[in-house]
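Some notes on the structure that comes next.
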Amino acid sequence: MARKSSSAWEWSRTAQTRKVMLQAAREVFGEHGFAEANVADVVTRAGSSVGSLYHHFGGKAELFMALWEDHQVTQEQASASSVAKAKQEGMNDPVELLITGSRAYLAGAWDRRDLVRLFMDGDGPPGFELLRRTRGRQWLRQNAVLLGAGAEPIDRLTVAVLTSVIGEAAREVATCDTEEEARRVIEAAVVLIRRLDPVAGVRPPDVGP
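Per this note's numbering, numbering through the sequence shown is continuous, rising by one, with the last residue being 210.
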């Protein structure tokens, strides 16, 4: 039992150390960008050591990538959770489910707007752009599955356009000066998504009483 408790404590301490370093990295990269950021500034702000940073992350590039991955996972989990909740409540319209997930994603873009600006417009380590494009393709595939899109070119185009609307809305949300302005951008994105509804043409017409 003592060994298990010790292992749990060590894991908790490691997780907390990583969390503090990622927060410090968020601040330093946000202020200086990747190229101009200094590892010494990160560890000073984290109250840690260079050795500890290299032990947990391997270096500045790996720290940047870890910060990006943490941001991506947080965004994806928020979207997935909101979609799952909507399904449990009986929602089955694929476009409305996409909108539900998009609202959560765009709300996160406002909450973490410093990271959105850093990763969308800032510099990054070698390989970051490829990794970002790869994640973008995965996002397209996930949206295609959610929408039940087929393999026809028009289906792929529609999913790509809808995904681009969400991505560009996130960029705009992150540059807003106020939360109210961000909400207006989110609602405008929802309007666009509904106008581009890829399944509107195959839904049965409403039947009157």
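Where is the CB? At the ideal position from N, CA and C, for every residue including glycine.
Margin query: I need the DSSP call for methionine 92, collapsed to helix, strand or coil.
Written below: In the structure shown, methionine 92 sits in coil (DSSP, three-state: anything other than H, G, I, E or B).
Notebook entry, point to check: Could you give the uninterrupted runs of the beta strand (DSSP E) lying entirely in the region 107-152, keeping only those of 3 residues or more?
Noted result: Taking only runs of at least 3 residues, no beta strand (DSSP E) segment lies wholly in the region 107-152.
Notebook entry, point to check: What is the residue span of the alpha helix (DSSP H) that serine 165 lies within?
Noted result: 154-176 is the extent of the alpha helix (DSSP H) around serine 165.
Checklist line | Unbroken stretches of the beta strand (DSSP E), 3 residues or longer, contained in the region 7-81 | finding: None, since the region 7-81 contains no complete beta strand (DSSP E) of that length.
Checklist line | Backbone secondary structure at threonine 179 - three-state DSSP | finding: Assignment of threonine 179 by DSSP, reduced to helix, strand and coil, places it in the coil class.
Note to self: Looking only at its chain, what residues have a beta carbon closer than 6 Å to the beta carbon of proline 210, apart from the 5 residues adjacent to it on each side?
What the structure shows: Note that proline 210 has pLDDT 42, beneath the 50 cutoff, so the model's placement of it is unreliable and the number below is only indicative. Same-chain partners within the cutoff: there are none.
Check: With distances taken between CB atoms, is the gap from alanine 38 to valine 29 smaller than 8 Å?
Finding: Their beta carbons are under 8 Å apart, which means alanine 38 touches valine 29 by this criterion.
Next item on the list: Kindly indicate which three-state DSSP category leucine 98 falls into: helix, strand or coil?
Entry: Three-state DSSP puts leucine 98 in a helix.
Margin query: In this structure, how does DSSP classify leucine 193 when only helix, strand and coil are distinguished?
Written below: Look at leucine 193 here: in three-state DSSP terms it is helix.
Margin query: Cutting at 7 Å between CB atoms, please list the residues of its own chain near valine 236, excluding the five before and the five after it.
Written below: In this structure the chain extends from 2 to 210, so residue 236 is not present and cannot be described.
Notebook entry, point to check: Just how far apart, CA to CA, sit isoleucine 187 and arginine 195?
Noted result: Whole-angstrom Cα-Cα distance: 13 Å.
Note to self: Please state whether the Cβ-Cβ distance between leucine 98 and leucine 147 is less than 8 Å.
What the structure shows: Yes; because the gap between Cβ atoms is below 8 Å, this pair is in contact.
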